[in-house]
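Visitor: Chains as they are written, first to last, in this note's numbering: chain A, -13 to 258; chain B, 3 to 288; chain C, 7 to 301.
After the structure tokens below, expect a handful of questions from me.
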Amino acid sequence: MSSITLGQYFPGNSLLHRLDPRFKIVLAILYITASFLCKNIWSFAALAISAVVLVLVSRIPVSIVLRGLRPILFIMLFTVVLNIFLTRGETLLVEFWVIRIYLEGILTAVSMVLRITVIIVGTGMFLTYTTTPIALTDGIERLLSPLKVFHLPVHEFAMMMTIALRFIPLLIEETEKIMAAQKARGADFSTGSLLQRAKALIPILVPLFVSAFRRADELAVAMECRCYRGGEGRTRMTVLHATAADWLMLAAVILFGASLVLINRFAPGFTL
Amino acid sequence: MNTLQLEHISYLYSAGTPYEMRALDNVSLTIRGGTVTGLIGHTGSGKSTLVQLLNGLNRPTEGRVLMDGVDIWEKPKEIARLRYRVGLVMQYPEYQLFEETVRADIAYGPKNMGLSPEEVEARVLEAAAFAGISPEMLDQSPFDLSGGQKRRAAIAGIMAMRPEVLVLDEPAAGLDPQGRDEILGGIRAYREKSGSTVIIVSHSMEDMARYCDELIVMADAKLFMQGSCEEIFSHPEELAAVGLDVPQITRVAQLLRKRGLALPESIYTVEQAAAALCRLMGGEGE
Amino acid sequence: MMEPFIQVENLSYAYEEEGARRPVLRDLSFAVEKGEYVAILGHNGSGKSTLAKLLNLILTPDSGKIVIAGREITDPNLTEDELYEVRRRMGMVFQNPDNQLVATVVEEDVAFGPENLGVPSEEIRQRVDEALALVGMQKYARHEPHRLSGGQKQRIAIAGIIAMLPDCIIFDESTAMLDPMGRRDVLRIMDNLNRERGITVLTITHYMNEAARADRVLVLNDGELYMQGTPAEIFSHPDELAAIGLDVPQCTDLVHQLRAAGIAVEGDCLTPAQCADAICAACAARGIPFNPPQS
Chain A
-13 MSSITLGQYF PGNSLLHRLD PRFKIVLAIL YITASFLCKN IWSFAALAIS AVVLVLVSRI
47 PVSIVLRGLR PILFIMLFTV VLNIFLTRGE TLLVEFWVIR IYLEGILTAV SMVLRITVII
107 VGTGMFLTYT TTPIALTDGI ERLLSPLKVF HLPVHEFAMM MTIALRFIPL LIEETEKIMA
167 AQKARGADFS TGSLLQRAKA LIPILVPLFV SAFRRADELA VAMECRCYRG GEGRTRMTVL
227 HATAADWLML AAVILFGASL VLINRFAPGF TL
Chain B
3 MNTLQLEHIS YLYSAGTPYE MRALDNVSLT IRGGTVTGLI GHTGSGKSTL VQLLNGLNRP
63 TEGRVLMDGV DIWEKPKEIA RLRYRVGLVM QYPEYQLFEE TVRADIAYGP KNMGLSPEEV
123 EARVLEAAAF AGISPEMLDQ SPFDLSGGQK RRAAIAGIMA MRPEVLVLDE PAAGLDPQGR
183 DEILGGIRAY REKSGSTVII VSHSMEDMAR YCDELIVMAD AKLFMQGSCE EIFSHPEELA
243 AVGLDVPQIT RVAQLLRKRG LALPESIYTV EQAAAALCRL MGGEGE
Chain C
7 MMEPFIQVEN LSYAYEEEGA RRPVLRDLSF AVEKGEYVAI LGHNGSGKST LAKLLNLILT
67 PDSGKIVIAG REITDPNLTE DELYEVRRRM GMVFQNPDNQ LVATVVEEDV AFGPENLGVP
127 SEEIRQRVDE ALALVGMQKY ARHEPHRLSG GQKQRIAIAG IIAMLPDCII FDESTAMLDP
187 MGRRDVLRIM DNLNRERGIT VLTITHYMNE AARADRVLVL NDGELYMQGT PAEIFSHPDE
247 LAAIGLDVPQ CTDLVHQLRA AGIAVEGDCL TPAQCADAIC AACAARGIPF NPPQS
């Protein structure tokens, strides 16, 4: 009955949706790194435009992207206020009682907000909005697979992620069911002192843990029955193939980073 | 007494989101006090949502739930008290056990009601007897019981609140025939003693035919049929169309009638079939 | 005479519980032929599920012998590869579909078994598509399992086993949590796998109607073999079954009640059709008039 979707994946078939998840992870990292290269107002402008282009290419409705930014609105506001009121610079704009606002403060505030937005939008466009959690896990496993040489449990880590993704909605549903069952026996989770409320959680937590262990047990047996023996000798149904689009996108992001550096150096003014 | 009425009930899950789903759509029905009513329907037909409306776990999006003529949401702050009057045993209730002993677990509901320790103890013993929990079992950990015993302990936990209406969602699911009979027998004993109304949700048409006076059939969030077992089970095609069935014995009787044997329409238990055939074929007894 | 596909001899198994050993299976012996459809009946705790887990070596027996397709799997020298070969041959479908699906996409889950076996990618694709078609779930290949109904999830679980190309599938109360429609679908798939693909089916169940579909029924009681025979033979002993907490299908029950009332009804009467035939024959013998309805 419950309709919990994990993450923010937005189904679609845009260029970004179709990219190889391994490339998308690398692209996201490169793009975020590029955002830190911005030094003046022109490179920041280029960055802002690139973020808009990404959103357009992903064909994800702008309203959805904005909604994704809502949780960090507070952090952004906080940054803005802090920077505007506390940054000391040379160009004084406003002086009133103890408040002094400098141009540098405003510029820093704008650049911080832009940077945070780009990081969120960038990871969103390359990863969370356009890549299913399972493809993401798959991408991570394969990107990290060279580390197996050093006996790092890369496969096991990916398997854990997959199982977590599979079972989190189930456990949320289960929690709701247990809460309903105990409410039917007169449990009260919302009134009383903090201690009373903490105590009221026991009738939920005990059955939840019992059930989680039972599920884990049954799942382990079912996996063994399906010949699971760890990552060794395992093949995969879907083989990831890098396409021309993946390489082109990679080249584009690298070029973008390089051009930011050039803009910093050759376009004068408003250094931040 | 203990009559429940639903008036134009609709219930939406995740209202206002892309996942909005209408679990109940304009359902009106009456469950008469003192009856055993069966609730049947395919998965996702709205049965579970409906039972959670009866004891105020869900609040209807539209419409009213009346208990003895009074809207149960008239005073939302007192909804907890309604849950003691309408006891709900959820599906697989054994997974809600949490106390150290069976006794303490059965006592959880009565304690929440604020009863005196003596009263709680008396109710635990009474409920345990209904559910077939022996006195030795009361001091065991609920997690050491067998599957069927756990289920009975959980049901006792609701019976101990002495609800006027006892609602059970699939009380016998996954149990063997004996376990099933023990549970359904215990419910019958509770009803006979307390005179309460009983509502059972089940996928087993055979169990429904044996234990229920009235049946409510849900399909695709709507009330599909309501009536006696006789009335409902005389519509096999309609039931099949909504993913349900009639008891096996009813199908035998239908086949025999089709071949031309003079049998009554209303056969839904083996005993009825045997009696009718004995009359027809002139056997001894019955 | 070919040797049976599964041969179990003097199998015993006990759980360790707070220092004490609680016997679950006692000196159990039976055989299953290749391509047979066998139902295992028994009350809760009679050892049925333990038996299932011994047959694919999830558990190791305390004593006794299990031979599958000519190889003794209880042999202490069984190699690891042979162990996984046993698990591939003896697929298992459990009661709770939620607790046996691993992946968050249907087709990824079906691929899980073959992936573990190291099957080449293209072949996995082919097996997954075939398995999903066989259970009628192709349309849901890219869906998330947790949004499907119980019956649909169970069909995915079956597809995941079929994709490993097993010789035998053990269904451990696989219909117990399903609604009538889901149960019907799963039973139809079981019949299909047995009749058309020649897969040996062992089904553990509490539903007498389901046991009536099998070629043969094994009845367990407290870890011992209580009865075995065709469903007709087994269900002709209602009192013995009632004594161990089981019952008989309603059709069979009706015929027993009629016989007890002195009305001779011949035949097996496991299904409504058989039952109606037998009763009509008995009525005809008694000269009772038939007036078929005019339609």
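In this text, a Cβ means the ideal position worked out from N, Cα and C, and glycines have one as well.
Model, not experiment: these values are computed from the prediction.
Taking only runs of the beta strand (DSSP E) that begin and end inside the segment 204 to 258 of chain B, which ones reach a length of at least 3 residues, in chain order?
Guide: 216 to 221, 224 to 230
Visitor: Using alpha carbons as the reference points, say which of C:Asn105, C:Gly51, C:Thr110, C:Gly97 lies closest to phenylalanine 177 of chain C.
Guide: The residue given as residue 177 of chain C occupies position 171 in the third sequence. Minimum Cα distance to phenylalanine 177 of chain C is reached at C:Gly97.
Visitor: Hey, how far is the Cα of threonine 236 of chain C from the Cα of proline 144 of chain B?
Guide: For the purposes of this step, residue 236 of chain C is identified with residue 230 of the third sequence, where counting begins at 1. For the purposes of this step, residue 144 of chain B is identified with residue 142 of the second sequence, where counting begins at 1. C-alpha separation (whole angstroms): 39 angstroms.
Visitor: What does histidine 44 of chain B reach in chain C if we use C-beta pairs closer than 7 angstroms?
Guide: For this step, residue 44 of chain B is matched to residue 42 along the second sequence. For the C-beta of histidine 44 of chain B, the chain C residues within less than 7 angstroms are, from N- to C-terminus, Asp185, Met187.
Visitor: Which chain B residues sit within Cβ distance under 8 angstroms of proline 193 of chain A?
Guide: What you label residue 193 of chain A is simply residue 207 of the first sequence in a count that begins at 1. Here the neighbours are Tyr97, Gln98, Leu99, Phe100.
Visitor: Out of curiosity, what's the CA-to-CA distance linking leucine -8 of chain A and glutamate 39 of chain C?
Guide: One-based indexing of the first sequence puts residue -8 of chain A at position 6. One-based indexing of the third sequence puts residue 39 of chain C at position 33. Low confidence applies to leucine -8 of chain A: its pLDDT is 48, below 50, so where it sits in the model is not reliable enough to give any reading.
Visitor: Below 8 angstroms on C-beta distance, what does methionine 223 of chain A contact in chain C?
Guide: Counted from its first residue, the first sequence places residue 223 of chain A at position 237. At a C-beta separation below 8 angstroms, methionine 223 of chain A has these neighbours in chain C: Glu113, Glu114, Ala117, Pro120, Glu121, Ser127, Ile130, Arg131, Val134.
Visitor: Once DSSP output is grouped into helix, strand and coil, what is the label at phenylalanine 195 of chain A?
Guide: Numbered from its first residue, the first sequence carries residue 195 of chain A at position 209. Annotated three-state conformation of phenylalanine 195 of chain A is helix, per DSSP.
Visitor: Would you say glycine 2 of chain B faces chain C, with C-beta separation under 8 angstroms as the test?
Guide: Shown here, chain B extends from 3 to 288; a query on residue 2 of chain B therefore has no answer.
Visitor: Which runs of the alpha helix (DSSP H), 4 residues or longer, sit entirely within the segment 43 to 123 of chain A?
Guide: 48 to 55, 59 to 72, 89 to 109
Visitor: Once DSSP output is grouped into helix, strand and coil, what is the label at lysine 71 of chain C?
Guide: The count along the third sequence starts at 1 and reaches residue 71 of chain C at position 65. In the structure shown, lysine 71 of chain C sits in a strand (DSSP, three-state: E or B).
Visitor: So, at 6 angstroms on beta carbons, what are the nonlocal neighbours of valine 73 of chain C in its own chain, with the 5 sequence-adjacent residues on each side left out?
Guide: Position 67 of the third sequence, counted from the start, is the residue given in the question as residue 73 of chain C. Around valine 73 of chain C: Gln13.
Visitor: Per DSSP, serine 30 of chain B forms a beta bridge with which residues?
Guide: Your numbering for residue 30 of chain B matches position 28 in the second sequence. In DSSP, serine 30 of chain B forms no bridge with anything.
Visitor: Where asparagine 69 of chain A and tyrosine 88 of chain A are concerned, what is the direct C-alpha to C-alpha distance, given to the nearest angstrom?
Guide: Sequence index remark: in the first sequence, residue 69 of chain A carries index 83 (1-based). Sequence index remark: in the first sequence, residue 88 of chain A carries index 102 (1-based). Between asparagine 69 of chain A and tyrosine 88 of chain A, the C-alpha separation is close to 10 angstroms.
Visitor: Assess, as a yes-or-no matter, whether the segment 165 to 177 of chain C is touched by the segment 80 to 99 of chain C under the definition of 3 or more beta carbon pairs within less than 8 angstroms.
Guide: yes
Visitor: Just the chain B side, please: which residues come within less than 7 angstroms of glutamine 168 of chain A by C-beta, in chain order?
Guide: Locating residue 168 of chain A in the first sequence gives position 182, where the first residue counts as 1. The answer, in chain order, is Gln98.
Visitor: What is the C-beta distance between threonine 3 of chain C and threonine 109 of chain A, in whole angstroms, given that I count them as a contact (C-beta under 8 angstroms)?
Guide: The structure shown does not extend to residue 3 of chain C, since chain C spans only 7 to 301, so no value can be given for it.
Visitor: Could you tell me the distance, in whole angstroms, from the CA atom of serine 18 of chain C to the CA atom of tyrosine 43 of chain C?
Guide: What you label residue 18 of chain C is simply residue 12 of the third sequence in a count that begins at 1. What you label residue 43 of chain C is simply residue 37 of the third sequence in a count that begins at 1. In a straight line, the C-alpha of serine 18 of chain C is about 24 angstroms away from that of tyrosine 43 of chain C.
Visitor: What does DSSP give as the partner residues of alanine 26 of chain C in its beta bridges?
Guide: Within the third sequence, the letter at position 20 stands for residue 26 of chain C. C:Glu23, per the DSSP bridge assignment.
Visitor: Could one say the Cβ of asparagine 4 of chain B lies closer than 8 angstroms to chain A's Cβ atoms, at least one of them?
Guide: In the second sequence, the residue the question calls residue 4 of chain B occupies position 2. Chain A, which has no Cβ nearer than 8 angstroms to the Cβ of asparagine 4 of chain B, makes this no.
Visitor: Going by beta carbon distance, what residues of the same chain come within less than 6 angstroms of tyrosine 146 of chain C, once the five residues before and after it are set aside?
Guide: Along the third sequence, read from residue 1 onward, the residue named residue 146 of chain C stands at position 140. Here the set comprises Val112.
Visitor: Of all the residues that make up the segment 144 to 162 of chain B, which are near chain C by a beta-carbon distance shorter than 7 angstroms?
Guide: Ser148, Gly149, Gly150
Visitor: Please classify isoleucine -10 of chain A as buried or exposed, where buried requires at least 16 neighbouring CB atoms within 10 angstroms.
Guide: Looking up residue -10 of chain A in the first sequence gives position 4. Unreliable positioning characterises isoleucine -10 of chain A in this predicted model, as indicated by a pLDDT of 37, which lies under 50. A coordinate reading is not provided.
Visitor: For valine 92 of chain C, which residues in the same chain have their Cβ closer than 7 angstroms to its Cβ, ignoring the five residues on either side in sequence?
Guide: Here residue 92 of chain C refers to the residue found at position 86 when the third sequence is read from its first residue. Closer than 7 angstroms at the Cβ level, and outside the excluded window around valine 92 of chain C, lie Asn62, Leu63, Ile74, Ile79.
Visitor: Give the interface partners of tyrosine 90 of chain C over in chain D, defined as CB-CB distance under 9 angstroms, in chain order.
Guide: Judged by its chain identifiers, the structure shown contains no chain D, and its protein chains are A, B and C.
Visitor: Measuring only between beta-carbons, confirm whether glutamate 90 of chain A sits less than 8 angstroms from chain C.
Guide: Stepping through the first sequence from its first residue, residue 90 of chain A is reached at position 104. Nearest CB-CB separation between glutamate 90 of chain A and chain C: not below the 8 angstroms threshold.
Visitor: With burial defined as no fewer than 16 other Cβ atoms inside 10 Å of the residue's Cβ, what is the status of alanine 85 of chain C: buried or exposed?
Guide: Taking the first residue of the third sequence as 1, we reach residue 85 of chain C at position 79. The amino acid at residue 85 of chain C is misidentified as alanine; the sequence shows threonine. The residue in question, threonine 85 of chain C, is exposed, as its Cβ has fewer than 16 Cβ neighbours within 10 Å.
Visitor: Please compile the residues from chain C whose C-beta is within a distance smaller than 7 angstroms of the C-beta of alanine 208 of chain A.
Guide: Here residue 208 of chain A corresponds to residue number 222 of the first sequence, with the count starting at 1. In chain order: Phe100, Asn105, Gln106.
Visitor: What is the DSSP secondary structure of tyrosine 214 of chain A, reduced to helix, strand or coil?
Guide: Along the first sequence, read from residue 1 onward, the residue named residue 214 of chain A stands at position 228. The answer is coil: DSSP assigns tyrosine 214 of chain A none of H, G, I, E or B.
Visitor: Quick check: is the beta carbon of glycine 48 of chain C nearer than 8 angstroms to any beta carbon in chain A?
Guide: As a first step, residue 48 of chain C must be located in the third sequence, where it is residue number 42. Output row for glycine 48 of chain C: interface = no.
Visitor: Excluding five sequence neighbours on each side, which residues of the same chain lie with their C-beta closer than 8 angstroms to the C-beta of methionine -13 of chain A?
Guide: Working through the first sequence from its first residue, we reach residue -13 of chain A at position 1. With a pLDDT of 31 at methionine -13 of chain A, under the threshold of 50, the predicted position of this residue should be treated as unreliable, though the coordinate-derived value follows. So the list reads Glu159, once near-sequence residues are dropped.
Visitor: Please determine, among C:Asp259, C:Arg161, C:Leu224, the residue with the shortest C-alpha to C-alpha distance to asparagine 102 of chain C.
Guide: Along the third sequence, one-based indexing puts residue 102 of chain C at 96. Here the closest residue by C-alpha is C:Arg161.
Visitor: In the segment 227 to 252 of chain C, which residue ranges form an unbroken beta strand (DSSP E) of at least 3 residues, counting only runs that do not cross its ends?
Guide: Complete beta strand (DSSP E) runs here, min 3: 230 to 235.
Visitor: Output needed for arginine 140 of chain A: all residues of its chain with C-beta closer than 8 angstroms, excluding positions within five of it in sequence on either side, in chain order.
Guide: Here residue 140 of chain A is taken as the residue at index 154 of the first sequence, counted from 1. Before going on, a small fix: residue 140 of chain A reads as valine here, not arginine. Cβ within range, chain order: Glu127, Leu130, Ser131, Leu133, Lys134, Gly217.
Visitor: Would you identify the three-state DSSP class for histidine 44 of chain B, choosing helix, strand or coil?
Guide: Within the second sequence, numbered from 1, the residue matching residue 44 of chain B stands at position 42. Coil, per DSSP.
Visitor: Run through DSSP, which three-state label would glutamate 288 of chain B get?
Guide: Within the second sequence, the letter at position 286 stands for residue 288 of chain B. Below a pLDDT of 50, predicted positions are generally treated as unreliable, and glutamate 288 of chain B, at 41, falls in that range; no measurement from the model is reported.
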